[in-house]
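One structure is given here, and the rest of the page talks about it.
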Amino acid sequence: MLLEKIPYDDDFPMNITICHIEQDPIHYHVDIEFVYVLKGSVRLKNGCCVYQLREGDIFTNSGHEVHGIFTEGTEENVVALIQISNRFFSQFFPNLSKSCYRTYSKKNDDKKYERLKELLLQFLTKYISREINYKNECIYLMVDVLKHLNQYFNLFVFDRDLPTSFEHGNPVEVERVSRICQYIYQRYADNLTLADISEMEHLSTFYISHMIKDFTGMCFRNFLCFARVEWSEIELLDSNAKISQIARDVGFSTTAYYEKYFCRWFHNDPQEHRKKYGPLIKSDLNPALFTPLSPGDASKIIKRTYATYNFVIKNEAIITHLNLDAVVHTKAKPLCSFNKSLSIRITAEDHTALGFHLLDVLHELHPTRVVLYHTATENPGTVRQLIKLLKAANFSVCDGGYISATLLPRASYDSIAYAIYLLHRYGISDEDTMELWLRDQTTERLVEGQPGLITGNGIRKSAYYIVQFLTNIKGQLLQRGRQFSTILGQDGALYLILCNSNRKIQNMCCQELSADQVKTIIDDFKDELTMQIEIDLPSGFYSVIRQDLTARNNVFFYATALDGHKEVIEEYLYPELFSAHPQIDVYTEDVRTVCSMNASLRGARIHCITIKPQKKVLR
């Protein structure tokens, strides 16, 4: 029998086993189970995926998921298995049985994951202590664990057709798509359509379709088929039913259709899957093979793990957490006017390399003038044509003369450091005039370390977007600081600029540093800036646009990540793949008295917020 019924003591709705595992054969149960690897490694099959869990990894089985744990050879391991009663904890979380938790990730070093690890270690420490009233305290701690899971890990999101965690998104949209996914999983066997979901959510099928695609990476049809295939595994392994019958039971119109999608995610056909995993089902003849640790040994490894965890957290590259509270008074006396004048330096070669895209980027930057520089090899006729083209596009053009010297390459120009440098030099300073090169002058390498706003290949750098943001603002500077500045625009919009960096990063563009040195300095900066902002705005509706420039989303990071293997990528794909376009979030804020904003920036980062009053619509 594939279904495992988990027994619980009357006064304790949890089972905790700390043990060495040889095998926990294929099965499923309705209750949630945590697999926390304390030592060594194990191989875990869950649904269509097989994971190699190593020390420190946590896997959460949400219930009704076919899974099993195996080891290879005699490798030593210690695993904490924590099973909890969904029936008991549903009194605190009514939708617990419908939840889908994904805690396993290759990048499991973020704060949310570390907090989960800390909560489970606290829980295990309390459990092994066996102190008076430990059972009630364990229940309270598990409530905290589930609260954390619901807040950060209860999402249906897919990457390359495989379940993963979702990190960014509008909370309202995330909640909606999670509800839709739950609905699909409940009615997977029905003849479910987008129209059904549209009626449930009171939204158009077009909007629903795009939302599912954006959040899951799959179209509605593929996601529905994934749910059907996933549920089919139970009947496939737990019965001798024909493949054609199983296909009909889970909602597929034909067996071939079912087999196609089953192979897509399980990487073998249903018959092969049954043959492979059928003998591995848990039974009396194939039981779980655990070697429980003695209470003393279990206590030692839990305490040692917790102590090591605390040491690592407290000594994590000396990370500083800075919390700032800011109040913005829009009617305060301004410090000075804010009107940045931009002169863009170009050459005729820029037009040759970029074509008509040259005009596009110039229009986006709003330069006061375009300064045309010359080289000894260029055709005078080409230069005259370019001047004519620029003037026809209403740009003010002046002659910059010949380029007198070769620009010294500096790797930091391609990184987030250049954007931070320009922000501090022009954005939050008294300098009103910027004169910058538009483009790196050579295209021999993916990154050249030159002070252009775009690469020779036409890839916009992080610096491009911060300059674009600054030159589009005309108004009054209300507040100015190293981390936080505010500008009241002539258009009535309020502009907030947040920057998290240190002096090393700010000054990198003034130093000759190698790419490795730049990468090290940026990677080592892990400080976190958290801001709570209160803004006195007139009541009404406002459009909020938040733009995020990070240390990783830029051409420098992508190029160094390739580690000399850029030849595997076609050059025409560079602008798309290596784009430094900021992550953008747009939403509407209903302001009654005060507009409250918060932001959290970790590592080298720039966060720009635009708050615009929405125009009233006359009816």
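End of the sequence shown = 695 in the numbering used here, gap-free, step of one. Glycine included, C-beta positions come from ideal geometry on N, C-alpha and C.
A distance below 8 Å separates the beta carbons of residue 364 and residue 100. DSSP places residue 226 in the uninterrupted alpha helix (DSSP H) bounded by 210-228.
Runs of the beta strand (DSSP E) spanning 3 or more residues and lying entirely within the stretch 92-162 occur at 108-115, 117-122, 125-130, 134-137, 143-146, 154-160, in chain order. For residue 286, the enclosing alpha helix (DSSP H) begins and ends at 281-292. Bridge pairing for residue 509: 417 [DSSP].
Between the C-alpha atoms of residue 263 and residue 256 there is a straight-line separation of about 11 Å. The DSSP-derived three-state label of residue 551 is strand. Rounded to whole angstroms, residue 196 and residue 102 show a C-alpha spacing of 25 Å. Per DSSP, residue 276 is one residue of the alpha helix (DSSP H) stretching across 270-277. Between residue 216 and the set 205, 226, 198, the nearest pair of CA atoms involves 198.
DSSP, reduced to helix, strand and coil, places residue 263 outside both helices and strands of the structure shown, so it counts as coil.
Residue environment analysis places residue 349 among the buried positions, since at least 16 neighbouring C-beta atoms fall within 10 angstroms of its C-beta. In summary, residue 510 is buried, with 16 or more beta-carbon neighbours lying within 10 Å of its beta-carbon over all protein chains present. According to the DSSP secondary-structure assignment, residue 497 is paired through a beta bridge with no residue.
Here DSSP, grouped into helix, strand and coil, assigns residue 84 to coil. Residue environment: residue 359 is assigned as exposed (fewer than 16 neighbouring CB atoms within 10 Å of its CB, all protein chains considered). With contacts defined by Cβ atoms closer than 8 Å, residue 490 and residue 534 do not form a contacting pair. Here residue 459 has 424 as same chain residues with Cβ atoms under 6 Å from its own Cβ, once five neighbours each way along the sequence are excluded. Cβ neighbours of residue 312 within its own chain (closer than 7 Å, five residues either side excluded): 322, 346, 349, 350. For residue 368, the secondary structure class from DSSP, reduced to helix, strand or coil, is strand.
Of 407, 95, 445, the smallest CA-CA separation from residue 418 is found for 445. In this structure, the beta-carbon distance from residue 659 to residue 630 does not fall below 8 Å. Contact between the stretch 463-482 and the stretch 572-581 is absent, with fewer than three C-beta pairs closer than 8 Å. Comparing alpha-carbon positions, the option among 120, 135, 506, 457 lying closest to residue 412 turns out to be 506. Annotation for residue 173: 106, 139, 162, 166 place their beta carbon closer than 8 Å to its own, counting only its chain and skipping 5 residues before and after.
A distance below 8 Å between beta-carbons, with the five flanking residues on each side excluded, links residue 214 to the following residues of its chain, in chain order: 88, 90, 199, 202, 203. Assignment of residue 614 by DSSP, reduced to helix, strand and coil, places it in the coil class. For residue 131, the number of other beta carbons within 10 angstroms of its own is below 16, and it is reported as exposed. Between residue 514 and residue 426 a beta carbon distance of about 6 Å is seen, short of the 8 Å cut, so the two are scored as contacting.
Only buried fits residue 585, as 16 or more other CB atoms lie within 10 angstroms of its CB. Across the structure, residue 168 and residue 220 are spaced so that their CA atoms are roughly 11 Å apart. In this structure residue 620 touches residue 663 by the C-beta definition: roughly 5 Å separates them, less than 8 Å. Contact between residue 420 and residue 441 holds: their C-beta atoms lie close to 6 Å from each other, under 8 Å. Cβ-Cβ separation between residue 288 and residue 302: approximately 11 Å, too far for a contact (criterion under 8 Å).
The alpha-carbon separation between residue 273 and residue 141 amounts to approximately 24 Å. The beta carbon of residue 690 is closer than 8 Å to those of 616, 617, 618, 619, 664 in its chain, skipping five residues each way along the sequence.
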